[in-house]
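At position 4 of the sequence shown (counting the first as 1) the number is 990 in the working numbering, and the numbers step up by one without a gap. Positions of the beta carbon are idealized from the N, C-alpha and C atoms, including for glycine. Written out below as structure tokens is the structure these notes cover.
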Amino acid sequence: MADKGIDEDSAFREIVERMTEKYPDVPAERVSEIVGNVRSEMTTAKVRDFVPVLAEREVKSRIKEERKARAQS
């Protein structure tokens, strides 16, 4: 039976692309760094199917926090 699991590498590349498009004021390198950090934090998740969805939510949250902090300074 073929593995029907997700391709996490592709999923995370797509997260970087979506977040870079959604937040053009945030440098692509910073978006990639945030995505990489979030992905690293999720390496121990036992159920992998939801990791990209949960990671994308966390990435959005961190980007919004950073933008808010920048706007206040």
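Secondary structure note for Lys1046: its alpha helix (DSSP H) is the uninterrupted segment Val1037 to Gln1058.
Rounded to whole angstroms, the gap between the alpha carbons of Val1012 and Glu1000 is 16 Å. By the criterion of a C-beta distance shorter than 6 Å, Val1037 is surrounded in its chain by Met1028 and Ala1031, once the five residues flanking it on both sides are discounted. In the DSSP assignment, Asp995 falls within the alpha helix (DSSP H) that extends over Glu994 to Lys1008. Within the model, the alpha-carbon separation for Arg1004 versus Ser1026 is close to 19 Å.
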